[in-house]
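Engineer: In order, the protein sequences belong to chains A and B.
Those letters in the first sequence? Residues 5 to 176, per this note's numbering, in order.
Those letters in the second sequence? Residues 2 to 166, per this note's numbering, in order.
Idealized CB from N, CA, C, for every residue including glycine.
These figures come from a predicted structure and were not determined experimentally.
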Amino acid sequence: MLGLLFSIMFGFFLQKGGATDYHVITGQMLLTDFTVLKLMLSAVIVGMIGFHLLKHFGYVQSHAAEGSIGSNVIGGLIFGVGFALLGYCPGTVAGAVGKGAFDALFSGMIGLLIGAGFFAEIYPQVKTCVLAWGKLPAVTVPEFLNLNLWIVIILMEAFMIGFLVLLEYFGL
Amino acid sequence: MFEFFTQAQWSPYVAGAGIGVLSCLAFLLSDRPIGCSTAFVKARGLIGKAIDPVRVSSKEYYLEIVPRVDWDWRNIVGFWCPVGRWLHEWAWDQWFDPTLACQYHHGLLFFCRRDRYRDGTIPDHRCVREERTMLSRSIKLQCPDRARAALQYYVWILSPEGWCY
Numbered sequence: 005m006l007g008l009l010f011s012i013m014f015g016f017f018l019q020k021g022g023a024t025d026y027h028v029i030t031g032q033m034l035l036t037d038f039t040v041l042k043l044m045l046s047a048v049i050v051g052m053i054g055f056h057l058l059k060h061f062g063y064v065q066s067h068a069a070e071g072s073i074g075s076n077v078i079g080g081l082i083f084g085v086g087f088a089l090l091g092y093c094p095g096t097v098a099g100a101v102g103k104g105a106f107d108a109l110f111s112g113m114i115g116l117l118i119g120a121g122f123f124a125e126i127y128p129q130v131k132t133c134v135l136a137w138g139k140l141p142a143v144t145v146p147e148f149l150n151l152n153l154w155i156v157i158i159l160m161e162a163f164m165i166g167f168l169v170l171l172e173y174f175g176l
Numbered sequence: 002m003f004e005f006f007t008q009a010q011w012s013p014y015v016a017g018a019g020i021g022v023l024s025c026l027a028f029l030l031s032d033r034p035i036g037c038s039t040a041f042v043k044a045r046g047l048i049g050k051a052i053d054p055v056r057v058s059s060k061e062y063y064l065e066i067v068p069r070v071d072w073d074w075r076n077i078v079g080f081w082c083p084v085g086r087w088l089h090e091w092a093w094d095q096w097f098d099p100t101l102a103c104q105y106h107h108g109l110l111f112f113c114r115r116d117r118y119r120d121g122t123i124p125d126h127r128c129v130r131e132e133r134t135m136l137s138r139s140i141k142l143q144c145p146d147r148a149r150a151a152l153q154y155y156v157w158i159l160s161p162e163g164w165c166y
C-alpha cells in the first residue's frame with residue numbers, strides 16, 4: 005500500500021512539474037526549456053540532504069550498486085536516443101499514459117516492452133562483454149574519491165544550486 | 002491553499018522538492034528508491050511467461066530479475082490507478098471539459114444515426130443532419146486534438162456523472 009501511495013504522489017509531482025508533457029521534454033532536449041532539469045536538480049538537491057541527514061542519524065542505509073563503464077555509457081547513449089525520439093523516459097511515459105497521451109500508450113509502453121524483451125534475449129551474450137567493460141565497485145562517490153562525505157555533499161549542492169541560479173540569471 | 006493545488010502547473014522547483022522529500026520518505030519507510038524502469042522489464046517477463054512459461058523461465062536474465070508483481074510494478078500501477086487519476090482531476094479540473102465531452106457524445110450519437118434522443122423524442126431529420134454537421138465542425142474547431150476529446154468522453158461515460166446522464 006505504501007508503494008502505491010508513493011507512486012501516486014510521484015506521478016502527481018511529475019505531472020505538476022510538467023515533466024509528463026512531450027513538448028516540455030523535447031524542449032529540454034533542444035535546450036529551449038529547462039523545466040525537466042530544474043525539476044530533477046531540485047529533487048536531487050532536497051533528496052541528497054534529506055537522505056544523508058537520515059543516514060547520519062541511522063534511519064536509512066545506502067544501497068550502492070555495482071556498475072560498469074560499458075553498461076553505463078552504452079546504455080546511457082541508447083537511453084538518450086530513445087528519450088529524444090519518443091519524448092518520454094520510463095517514469096514520465098507512465099505518467100503521460102495516466103494523463104491520456106496516446107503516443108505514450110501505444111509507442112512508449114509497447115516499445116519499452118519490446119526493448120525489455122530484446123535485452124533479456126541478448127543478455128547472456130552482452131553479460132560477458134559490454135556489461136563487463138570497466139567494472140565499477142559497489143561504492144558511493146565519496147568512498148570512490150576517498151573524500152569526506154559532507155565535503156562532497158556541500159560541493160555537489162553548491163554546484164547544482166549554482167547551476168540553477170545561473171539558469172534563472174540567463175532567463176532560461 | 003486550495004488554489005495552490007488546483008493550479009494546472011507548479012513551479013518545477015516546488016514539484017522537484019516534493020519528489021526529493023518523497024524519495025527520502027521511500028527510503029525511510031520502505032528502504033527502497035522510487036523509480037519504475039524495472040517494472041517494465043518484469044511486466045515483459047510476465048507477458049512472456051503467460052505466453053510461453055518454459056522459454057521465459059529458462060532465460061538467464063529472468064533468473065536474476067524475477068518477473069513478478071512487486072514494488073516496482075506498483076509504481077506503474079500507481080501512475081495509472083484511478084485514485085491517482087481522480088486525485089489529479091480534482092486538482093486539475095481544466096483537463097476535463099464537460100461541454101467538450103458532451104459535444105463529442107452528441108456528435109457520436111448523430112454519427113451513429115441514432116434517431117431517438119434519450120428522453121424518447123424523435124428529432125426532425127433535416128435538423129439532425131444540420132446539427133450533425135454543425136457539431137462535427139464545432140468538435141473540430143474547439144478541439145483540434147480529437148483524441149483527447151474522445152478520451153475525455155470515454156472517461157466521462159465511465160464516471161458516475163456519465164452513468165446518470
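What are the boundary residues of the alpha helix (DSSP H) that Tyr127/A is part of?
Structural biologist: Ile114 to Thr132
Engineer: Check whether the segment 8-22 of chain B and the segment 63-81 of chain A touch, using three or more Cβ-Cβ pairs below 8 Å as the test.
Structural biologist: no
Engineer: Starting from Pro128/A, find everything on chain B with Cβ-Cβ shorter than 7 Å and list it in chain order.
Structural biologist: Glu61
Engineer: Using the C-alpha atoms, what's the distance from Ala120/A back to Leu159/A?
Structural biologist: Leu159/A and Ala120/A: Cα-Cα distance of roughly 37 Å.
Engineer: Leaving out five residues on either side along the sequence, give the residues of the same chain with a beta carbon under 6 Å from the beta carbon of Arg127/B.
Structural biologist: Note that Arg127/B scores a pLDDT of 47, beneath 50, so its modelled location is shaky; the value from the coordinates is reported in the next line. Nothing meets the Cβ criterion.
Engineer: Decide if Ala88/A is buried, meaning its Cβ has at least 16 other Cβ atoms within 10 Å, or exposed.
Structural biologist: exposed
Engineer: Quick check: Val97/A and Gly112/A, are their CB atoms within less than 9 Å of each other?
Structural biologist: Yes, these two residues count as a Cβ contact at 9 Å.
Engineer: Can you list, in chain order, the residues of the segment 19-33 of chain B whose Cβ is nearer than 9 Å to any Cβ on chain A?
Structural biologist: Residues of the segment 19-33 of chain B with a C-beta less than 9 Å from any C-beta of chain A: Gly19, Ile20, Gly21, Val22, Leu23, Ser24, Cys25, Leu26, Ala27, Phe28, Leu29, Leu30, Ser31, Asp32 and Arg33, listed in chain order.
Engineer: Keeping to the same chain, check which residues put their C-beta closer than 8 Å to that of Leu45/A; ignore five residues upstream and five downstream.
Structural biologist: Met164, Phe167 and Leu168
Engineer: Anything in the segment 31-58 of chain A with a Cβ closer than 9 Å to a Cβ of chain D? List those residues in chain order, please.
Structural biologist: The question asks about chain D, but that chain is absent: this structure's protein chains are A and B.
Engineer: Could you please tell me which residues of the segment 41-59 of chain B, in chain order, have their CB closer than 9 Å to any CB of chain A?
Structural biologist: Phe41, Val42, Lys43, Ala44, Arg45, Gly46, Ile48, Gly49 and Val57
Engineer: What residues from chain B crowd round Leu116/A, counting only those whose CB sits closer than 7 Å?
Structural biologist: Going along chain B in sequence order, the residues near Leu116/A (Cβ under 7 Å) are Phe41.
Engineer: Just to make sure I have the definition right: I need the residues of chain B whose C-beta is within less than 7 Å of the C-beta of Met160/A. Which are they?
Structural biologist: Neighbours of Met160/A on chain B: none; closest Cβ ~14 Å, over 7 Å.
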